[in-house]
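Inspection log for the structure reproduced underneath, given as structure tokens.
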Amino acid sequence: MPISPRLGAEAAAANMAEIAPRYTPQEAVIEANRCLFCFDAPCIQACPTGIDIPSFIKKIVNGNLTGSARTILSANILGASCARVCPTEVLCEGACVVLDREGDPVKIGRLQRYATDHVIEKNIQLFQAPAKKSGKRVAIIGGGPAGLGCATELAQLGHQAVVFEKKPQPGGLNTYGIAYYKMAPQVSLAEVEMVKSLGVEFRCGVEVGKDVSINQIEKEFDAILIGLGLGGGTRMNIPGEDLPEVIEALDFIERIHTQPLHQVAVGQRVAVIGGGNTAIDAVTQAKRLGAARAAIIYRRSQQEMPAYEFEQELAKTDGCEFLFQLAPVEVVAQSGHVAGLKLARTASTNGKLQVLAGTEVLEPFDMVIKAIGEQKQVGLLKKLFPALELDKRGVVVNNRDTGQTNLPHVFTGGDCANGGKEVVNAVAEGKKAARGIHVFLAGQKITGPVQPSRYGVKGAPIGSGFYRPIDLPALEAEYAKHDK
Ligand code: SF4
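Numbering (numbering that gives the first Met the number 0), first residue to last: 0 to 483.
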């Protein structure tokens, strides 16, 4: 049977509403007052983008919500998204000293959300394009977190960043690939507006290599950032994989973000193949959209599941099932539609996974969602940049601190270079790449990590305290040429 939507508009909206409601003003102040405002705050070290956490929390205590949001967003322009999607339990909150003292950390993520919601909902303009321009142009290929992090930093440094995005909207996974109950796409799009307010140009619906060639880009721009993310899903290579009700987890999640919730087709019995956080996002949303049965099928044991424990708990609370040590060997069809999954038992011998012959069982399912990872875009990258060095993680980075590749004018960051990490890692890598690009554009050799003191340009920087004017004669002279 073809699959169809299962819930009415009201029920679908209620089930998919944000699971972590915003603090009330009283709750926010009480929580903020739990912070010890540590001098050498370990939470800052644990944040890849280095948000000054005690400072933004202090501003909440003082009722300065706009200042608080400014502290957050000037270090991480995707601070509103990250407040919702970061695994804070293993990043800032995992490092919070209150966790050791009281067994419960300061809820940094929820406070961050409280402050950033304030400026987004009130449409408060925090940033503006710097008056001083360098005259340099940088092409950003891919409008996801790495691209947005890089474009923001470049814009603040006075460079013209132009983002090329294949999809109709920028934001990457933040706009199209996050569980809806964690974050609706409007939050991501509000952040894109902030990036635009810095003068960053977006060319959406434009596919590099098809609608515009690298040659054209190289003629028009002085440097390039590759922030392409990952590509299509990995194939299972089993019979029945191409049936219409077998879909990729990210495609399923994208449908949820681009269709009215009550019109998203879901099976009555949904199998999700995989054990990562995307698998959890898929299984919980299938269940919340009305599937009677939604089950994770993972070929290894629970202990080996890469999904965070708190994510697994959420799926269990939602009523999702977990089937371990089972591998799909066939998607069984009836009249051209998915009717079940043939699963075989697995066992690990010396860490090597074996599918045990003769152990097959048939489980009835009418929808199969694959969440077994996305492929590196090796083919596309080779086509775009034949001389670019690639390895099994994706783009090889010559300098981890700046994202510079073997092609001096080409930088990278995010999933296409790190093999797939968190949103906040991609933003941080985009920022680092912007710093590297900044030094490259001044004709300087990049020899190591680019600290803020190496790229400050008098007059240009705004935003975070990172951008203090620094007297750096070579850069000053370079940019002075464009001030005439
Ligand atoms: Fe506050 Fe915890 Fe960070 Fe210390 S570690 S500054 S208590 S949030």
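Each residue gets a CB set at the ideal place from its N, CA and C atoms; glycine is no exception.
This structure is a prediction, so every number in the text was calculated from the model and none was measured.
Whole-number beta carbon distance between residue j and residue i, since they are thought to touch under 8 Å
i: Lys430; j: Glu152; result: 5 Å
i: Ala306; j: Ile368; result: Ala306 to Ile368, Cβ: 14 Å. No contact.
i: Met366; j: Gly266; result: 3 Å
i: Ala248; j: Thr277; result: 5 Å
i: Ala338; j: Val331; result: 5 Å
i: Leu325; j: Ile279; result: Contact flag wrong, Cβ pair sits at about 17 Å.
i: Leu387; j: Val394; result: 7 Å
i: Leu125; j: Ala432; result: Not quite, the Cβ-Cβ distance comes to about 23 Å (not below 8 Å), so this is no contact.
i: Ile76; j: Glu190; result: 6 Å
i: Gln127; j: Ser67; result: That belief does not hold up - the Cβ atoms of Gln127 and Ser67 are roughly 19 Å apart, past 8 Å.
i: Leu74; j: Cys42; result: For the sequence presented, residue 74 should be read as Ala rather than Leu. At roughly 13 Å, the Cβ-Cβ gap does not stay under 8 Å, so Ala74 and Cys42 are not in contact.
i: Lys499; j: Glu359; result: A question about residue 499 goes unanswered here, because the residues of the chain that appear run from 0 up to 483.
i: Gly170; j: Leu188; result: 6 Å
i: Ile2; j: Ala264; result: 5 Å
i: Gly275; j: Arg299; result: That pair is no contact at about 12 Å.
i: Asp221; j: Val137; result: 7 Å
i: Leu64; j: Ala114; result: 5 Å
Terminal residues of the beta strand (DSSP E) in which residue i lies
i: Phe507; result: Past the edges of the chain, shown from 0 to 483, lies residue 507, and the structure says nothing about it.
i: Arg202; result: 200–203
i: Leu557; result: This structure cannot speak to residue 557, because the chain is shown only from 0 to 483.
i: Gly339; result: 336–348
i: Ala425; result: Where Ala425 is concerned, there is no enclosing beta strand (DSSP E), although the alpha helix (DSSP H) it sits in stretches over 422–440.
i: Ala138; result: 136–140
i: Leu361; result: 360–362
Continuous alpha helix (DSSP H) stretch holding residue i: start and end
i: Lys195; result: 184–196
i: Thr257; result: 248–257
i: Ile43; result: 41–45
i: Ala31; result: 24–31
i: Val162; result: Run containing Val162: none in the alpha helix (DSSP H); it sits in the beta strand (DSSP E), 159–164.
i: Lys351; result: Element bounds for Lys351: not the alpha helix (DSSP H) but the beta strand (DSSP E), 351–354.
i: Glu217; result: 213–219
i: Val377; result: 377–383
i: Leu172; result: 172–175
i: Leu152; result: Before going further, note that residue 152 is Glu rather than Leu in the sequence given. Here the alpha helix (DSSP H) through Glu152 covers 144–155.
i: Glu373; result: Careful: Glu373 lies outside any alpha helix (DSSP H) and carries neither H nor E.
i: Glu9; result: 8–14
i: Cys519; result: Limits of the chain in this structure are 0 at one end and 483 at the other, which puts residue 519 out of reach.
Neighbour flag for residue i against chain B, beta carbons, 8 Å
i: Pro104; result: No chain B is present in this structure, which holds just one protein chain.
What are the complete beta strand (DSSP E) segments, minimum 3 residues, inside the stretch 261–329? 268–272, 292–296, 320–322
Would you call the stretch 235–248 in contact with the stretch 354–363, where contact means no fewer than 3 C-beta pairs closer than 8 Å? no
I'd like the ranges of any alpha helix (DSSP H) spanning at least 4 consecutive residues and lying wholly in the stretch 47–127. 52–60, 64–74, 78–84, 91–94, 96–101, 107–120
Counting Cβ pairs closer than 8 Å, one from the stretch 400–407 and one from the stretch 301–316, do we hit at least three? no
Cβ contact check for the stretch 159–179 and the stretch 187–207: 3 or more pairs under 8 Å: yes
Is there contact between the stretch 308–324 and the stretch 289–297, where contact requires at least three CB pairs shorter than 8 Å? yes
Determine contact between the stretch 416–425 and the stretch 209–221, defined as no fewer than three beta-carbon pairs at a distance below 8 Å. no
Quick one: any contact between the stretch 2–12 and the stretch 242–261, if contact means 3 or more CB pairs under 8 Å? yes
Answer yes if the stretch 434–442 comes into contact with the stretch 156–163, meaning at least three C-beta pairs across the two stretches below 8 Å, and no otherwise. yes
Touch test, the stretch 77–87 against the stretch 98–113, Cβ-Cβ under 8 Å, three pairs minimum: yes
If you pair each beta-carbon of the stretch 140–148 with each one of the stretch 111–128, do three or more pairs fall below 8 Å? no
Would you check if there are 3 or more beta carbon pairs closer than 8 Å linking the stretch 84–102 to the stretch 23–31? no
Please confirm if the stretch 54–72 is in contact with the stretch 91–104, defined as three or more CB-CB distances below 8 Å between the two stretches. no
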